[in-house]
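The sequence shown: position 20 = 86 (my numbering), numbered continuously. All C-beta atoms in this analysis are idealised placements derived from N, C-alpha and C, irrespective of residue type, glycine included. Worksheet: the structure to be examined is printed underneath.
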Amino acid sequence: MQSARNINGQASAPIPNVLIEVEYLSRVISTRSRNVQILDDLTFVIPVQSLFAINGPSGSGKSTLLNMLTGIDRPSSGRVLFAGQELRAMQEDALARWRGRHVGIVFQFFQLIPTLTALENVLLALELGGGGGRKRREWHQRATFCLELAHVKELAHRLPSELSGGEQQRVAIARAIANDPPVIVADEPTGNLDSRTAHQVFETLASLTQHGKTVIYVTHDRDLAACSTERIDLRDGRIASAHPDSKLLVEGDASCTL
Ligand code: ADP
Ligand code: MG
Numbered sequence: 067m068q069s070a071r072n073i074n075g076q077a078s079a080p081i082p083n084v085l086i087e088v089e090y091l092s093r094v095i096s097t098r099s100r101n102v103q104i105l106d107d108l109t110f111v112i113p114v115q116s117l118f119a120i121n122g123p124s125g126s127g128k129s130t131l132l133n134m135l136t137g138i139d140r141p142s143s144g145r146v147l148f149a150g151q152e153l154r155a156m157q158e159d160a161l162a163r164w165r166g167r168h169v170g171i172v173f174q175f176f177q178l179i180p181t182l183t184a185l186e187n188v189l190l191a192l193e194l195g196g197g198g199g200r201k202r203r204e205w206h207q208r209a210t211f212c213l214e215l216a217h218v219k220e221l222a223h224r225l226p227s228e229l230s231g232g233e234q235q236r237v238a239i240a241r242a243i244a245n246d247p248p249v250i251v252a253d254e255p256t257g258n259l260d261s262r263t264a265h266q267v268f269e270t271l272a273s274l275t276q277h278g279k280t281v282i283y284v285t286h287d288r289d290l291a292a293c294s295t296e297r298i299d300l301r302d303g304r305i306a307s308a309h310p311d312s313k314l315l316v317e318g319d320a321s322c323t324l
């Protein structure tokens with residue numbers, strides 16, 4: 067880590083080309099009988115515009131780590147710096163506002179609002195996120211653009227129940243980018259899709275890096291993890307290995323075979 071620190075070690079000048087710095091991060095959960103160390107002394111960086119995989123078997127701490135990166139959960143020790151800003155230093159409501167502006171989330175089970183159409187689901191995200199700085203009259207056009215980027219523009223007026231799993235996840239990707247956050251995080255985003263659909267949806271997610279986004283995804287699937295530009299492999303809450311140069315996936319590029 068090479069951030070500039072003040073005398074208290076608090077403020078940091080962001081490292082060029084690094085979006086997120088994780089330093090000595092640990093998470094311990096106290097149960098009635100014992101303390102469980104879920105994450106143990108993790109240090110790594112996530113470069114700007116990377117396609118960053120958090121890989122590892124079930125129970126290795128992937129989801130817990132992702133929640134630390136987005137400020138949903140707080141470290142027991144160590145810290146997460148986002149563009150030089152320490153997340154732990156923020157109050158809960160400031161953190162929620164920060165998350166709304168900076169992070170788009172894609173879930174394994176899509177979590178679209180079932181009574182709203184695809185377009186309305188994206189519009190709702192704009193409503194909740196303040197439109198990412200856009201004027202209200204531009205929101206419809208923005209939502210349509212996001213659906214187009216996710217290749218589901220023609221399905222804009224369908225309800226989630228009228229969409230396949232892959233199509234629903236594409237709408238969820240459109241929703242995640244609606245407010246133009248710099249980071250998209252996805253926890254097992256293709257875990258509920260068949261392998262062919264999974265590959266296609268993953269390509270769309272990966273292609274967001276070409277629009278300036280940093281994409282962080284959690285997967286237990288080694289082939290999917292190998293498509294990243296950077297990755298860490300977790301085992302029992304520790305980094306077992308880190309790979310800066312895995313294959314770069316470009317949409318439509320067959321070099322990443324799943
Ligand atoms: P992964 O996403 O890699 O499957 P998780 O981050 O969900 O792993 O969980 C890592 C480990 O921490 C698991 O063994 C899980 O059972 C445990 N764990 C997660 N949350 C809690 C909690 N609130 N209380 C106790 N144990 C937990
Ligand atoms: Mg998980």
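Relative to the C-alpha of Asp-107, which residue among Ser-142, Asn-83, Pro-113 and Leu-132 is closest?
Ser-142
Looking at ligand 1, does it come within less than 7 Å of Ser-307, judged from the CB to the closest heavy atom?
no
Asp-157 to Val-249 span [Cα, whole Å]
For the record, residue 157 in the displayed sequence is Gln; it is not Asp. Going from the Cα of Gln-157 to the Cα of Val-249 covers about 21 Å.
For Ile-179, the nearest candidate out of Leu-132, Arg-163 and Leu-229 (CA to CA):
Leu-229
I'd like to check one pair, Ala-238 with Ala-209: are the Cβ atoms closer than 8 Å?
no
Identity of the residue in Asp-299, Asp-139, Trp-164 and Ile-95 nearest Pro-247 by Cα
Trp-164
Three-way DSSP call (helix, strand, coil) for Arg-71 in this model
In this prediction, Arg-71 scores a pLDDT of 42, lower than 50, which makes its location untrustworthy; no coordinate-derived value is stated.
How far does the alpha helix (DSSP H) with Asn-133 in it extend, from its first residue to its last?
128-135
Close-in-space but distant-in-sequence residues of the same chain around Gly-124 (CB under 8 Å, 5 per side omitted)
Note that residue 124 corresponds to Ser in the displayed sequence, not to Gly. His-286, listed in sequence order.
Own chain partners of Phe-148 with C-beta closer than 6 Å, once the 5 adjacent residues on each side are dropped
Ile-86
For a quick check, are the C-beta atoms of Pro-310 and Tyr-283 less than 8 Å apart?
no
In the DSSP assignment, what residue or residues form a beta bridge with Leu-92?
The sequence given here places Ser at residue 92; Leu does not occur at that position. Paired residue(s): Ser-143.
Mapping DSSP to helix, strand and coil, what is Arg-203?
helix
Leu-132 to Gln-207 span [Cα, whole Å]
31 Å
I want to know whether the region 182-201 touches the region 211-229 - three or more CB-CB distances under 8 Å.
yes
What beta strand (DSSP E) runs, 3 residues minimum, are completely inside the region 162-215?
169-172
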